[in-house]
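Have a look at the structure below before the remarks.
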Amino acid sequence: MKNLSGKRILVTGGAGFIGSHLCERLLNEGHEIVCVDNFFTGRRSNIAHLMSNPFFEVLRHDICFPLYVEVDEIYNLACPASPIHYQNDPVQTTKTSVHGSINMLGLAKRLKIRILQASTSEVYGDPSVHPQPETYWGNVNPIGFRSCYDEGKRCAETLFFDYHRQHRLQIKVARIFNTYGPRMHPNDGRVVSNFIVQALQGKDITVYGDGSQTRSFCFVDDLVDGLIRLMDSPDSVTGPVNLGNPSEFTILELAEKLIAATGSKSRVVHKPLPPDDPTQRQPDISLARKTLKWKPVTHLDKGLEKAVEYFRDLLAKGR
Ligand code: NAD
Ligand code: UDP
56 MKNLSGKRIL VTGGAGFIGS HLCERLLNEG HEIVCVDNFF TGRRSNIAHL MSNPFFEVLR
116 HDICFPLYVE VDEIYNLACP ASPIHYQNDP VQTTKTSVHG SINMLGLAKR LKIRILQAST
176 SEVYGDPSVH PQPETYWGNV NPIGFRSCYD EGKRCAETLF FDYHRQHRLQ IKVARIFNTY
236 GPRMHPNDGR VVSNFIVQAL QGKDITVYGD GSQTRSFCFV DDLVDGLIRL MDSPDSVTGP
296 VNLGNPSEFT ILELAEKLIA ATGSKSRVVH KPLPPDDPTQ RQPDISLARK TLKWKPVTHL
356 DKGLEKAVEY FRDLLAKGR
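Start counting the sequence shown at 56; every next residue gets the next number (our numbering).
As C-alpha cells, this is what we get:
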C-alpha cells in the first residue's frame, strides 16, 4: 500500500532519539516512512507508538551493508551520537559513517533522489573560532578517542560532496549541535540526560572538569523542523548548514538549572575531563536563518521542563 498523498521516506537511525521524532513528524505530515535501524543505541520503545500506523515500516538492518529499498528521499541519521557509545566500538563507528554513507549514497544515486546527512558540530573539533560558522574548517585530533566519530563524520561530508560533484547527486548536509529532549536514552551518557537522571534520583551530579566548558543546547522539535526545512530547500542549497541553538551555557550552569528545575537535593561533584573534550561550542546560524528561514524557538528552560517530565515518567515506570 502506498500513501498517495505523500512521499516514501527512508530514515536511517529512525529508532534513535532524533530519528524517532523525525519519523513521527514526517508521518504526521502524510508521508510513508521506512525506518532502518540496527538498534545499537536506538530502542523499540521510541517508535512503539508508531507501529500501528500502516504507513510506518521498520527494518532491522546495519547500514554498513547494502540496502535495496525503493524510496523518494533519504535522511541518514544512523550513527551512535553519545561519546560513551561511539567510543565503545570505535571501528564500527567509523564504518557506520564511512561504509554506511557510501551505501546510502549509492542507494540515492541509483534512485536519483535527495539524501540528507546528519553531520555534527564535532567536525569543528575543539574550535579556535567562536562561534563556529560553516566556513571554519575545524581543529580536530585525527588519532584521539573522539576521532572515530569526528573523522568519520568529516569523511562522510567529503563523500557527500564528492557524490554531488561527481554524480550530480542532490545532497543536504546538516551540522547538528547538541540536541536534547524526550526519548534520549536514560543511560545515553550525554550531559542533559545524565544530569536529569542524576537529579531525579538524588544522586551526585557529575560535572567533568571544572564545568567551565560550554555547549549550546537545541530542543529536538526545533532541530527536526530545521532538518525538514533543509531537505525541502531548493536544489542549490547543499549545506553544510549549522543547526543548533546559539544560546550558550557552561556545563556548571546547566547543572544548576537542572537542580533548580527538579527541586533536587543532589550536589555537584567534579570528575576528570575526558580527553579532547571541546572547551567551547556555539553555532553561528546566520546561514540557516537566511536560506531556510529557520531559528530555534524553544528556550532552554522550557525544553528542559519537557525533558524532565519525560524522564520523571520513565523512571516512575521503572524503565
Ligand atoms: P542515537 O544514538 O539516539 O540514534 C542513532 C540511531 O542510529 C540509533 O537508533 C542506533 O541504533 C542507530 N544506528 C547506529 N549505528 C547504526 C548502523 N550501523 N546501522 C543502522 N542503524 C544504526 O543518536 P541521536 O542523538 O538520535 O543522533 C542521530 C544522528 O544525529 C546521528 O547521526 C548523530 O551523529 C547526529 N547528531 C546528533 C547530535 C545530538 O546532539 N543528538 C548532535 C550532532 C549530530
Ligand atoms: N559532561 C559532564 N558530565 C556528564 C556528561 C557530560 O560534565 O555526566 C560534559 C562533557 O564533558 C562535555 C559536555 O558535558 O563537556 C557535553 O557532553 P556530551 O557528552 O553531552 O556531548 P559532547 O558535546 O561532548 O559530544
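Beta carbons: idealized from backbone N, C-alpha and C, even for Gly.
As the structure is a computational prediction, the values presented were derived from the model and not from experiment.
Going by C-alpha distance, which of Val126, Arg80, Pro138, Met239 is nearest Phe366? Met239
Which runs of the beta strand (DSSP E) fall wholly inside the region 262-300 and span at least 3 residues, in chain order? 269-271, 296-298
Please indicate yes or no: does the CB of Thr67 lie closer than 7 Å to some heavy atom of ligand 2? no
Residues in its own chain within less than 7 Å of Gly199 by CB, not counting five upstream and five downstream? Pro330, Asp331
Contact check, Ala163 vs Ile118 under 8 Å by CB: the rounded distance? Contact doesn't hold; Cβ gap of about 12 Å is too wide.
For the region 91-138, list the alpha helix (DSSP H) runs that are entirely contained and at least 4 residues long, ordered along the chain. 99-102
Cβ shell of Arg209 (< 8 Å), same chain only, five flanking positions each side left out: Val178, Gly193, Val195
Given a cut-off of 8 Å, decide if Ala229 and Gln172 are closer than it, judged by their beta-carbon atoms. yes
For Arg169, is the classification buried or exposed, using 16 other Cβ atoms within 10 angstroms of its Cβ as the cut-off for buried? buried
Neighbour-count burial assignment, Ser267, 16 or more Cβ in a 10 Å radius: exposed
Is DSSP giving Ile314 helix, strand or coil here? helix
Which residues in the same chain have their Cβ closer than 8 Å to the Cβ of Asp259, if we skip the five residues on either side of it in sequence? Gln253, Ser321, Arg322, Val323, Val324
If you draw a straight line from the C-alpha of Leu307 to the C-alpha of Lys361, how long is it? 20 Å
Would you kindly report the start and end of the unbroken alpha helix (DSSP H) that includes Ile157? 145-166
Pairs of beta-carbons, one from the region 149-164 and one from the region 98-116, closer than 8 Å: are there three or more? no
Cβ neighbours of Lys227 in the same chain (closer than 6 Å, five flanking residues each side left out): Leu171, Leu285, Met286, Gly294
Closest by CA to Leu313, which one among Pro301, Gln337, Gln256? Gln256
Inter-residue spacing [alpha-carbon to alpha-carbon] between Ser319 and Ala310: 11 Å
First and last residue of the beta strand (DSSP E) that includes Leu65? 63-67
Whole-angstrom distance between Val352 and Gly236, CA atom to CA atom: 14 Å
Who are the near neighbours of Pro241 in its chain, counting only those whose CB is closer than 7 Å to its CB and skipping five residues on each side? Ser248, Val252, Phe366, Leu369
Under a three-way DSSP split, which group does Val252 fall into? helix
When DSSP builds the beta bridges, which residues end up paired with Glu87? Arg63
heavy atom of ligand 1 below 7 Å from Thr151 C-beta: yes
Cβ separation of Cys383 and Phe232, assumed to be a contact under 8 Å, to the nearest whole Å: Because residue 383 is not part of the residues shown, which for the chain are 56 to 374, the question remains open.
Start and end residues, alpha helix (DSSP H) containing Leu4: Absent from the model: residue 4. The displayed extent of the chain is 56 to 374, so no value can be given.
Using a Cβ-Cβ cutoff of less than 7 Å, which residues in the same chain neighbour Glu79 once the five nearest sequence positions on both sides are dropped? Leu105
On the CB-based measure, 16 or more other CB atoms within 10 Å of its CB, does Tyr123 come out buried or exposed? exposed
Using the rule of at least 16 other Cβ atoms within 10 Å of the residue's Cβ for burial, across every protein chain shown, is Glu206 buried or exposed? buried
Give a yes or no on whether the C-beta atoms belonging to Cys90 and Val66 are separated by under 8 Å. yes
Neighbour-count burial assignment, Ser26, 16 or more Cβ in a 10 Å radius: Because residue 26 is not part of the residues shown, which for the chain are 56 to 374, the question remains open.
Could you check if Val352 belongs to the surroundings of ligand 1, using beta carbon to heavy atom distance under 7 Å? no
Go through its chain and collect everything with a Cβ distance to Arg245's Cβ below 6 Å, but skip five positions before and after it. Ser137
Would you mind sorting Phe215 into buried or exposed? The rule is 16 or more other CB atoms within 10 Å of its CB. buried
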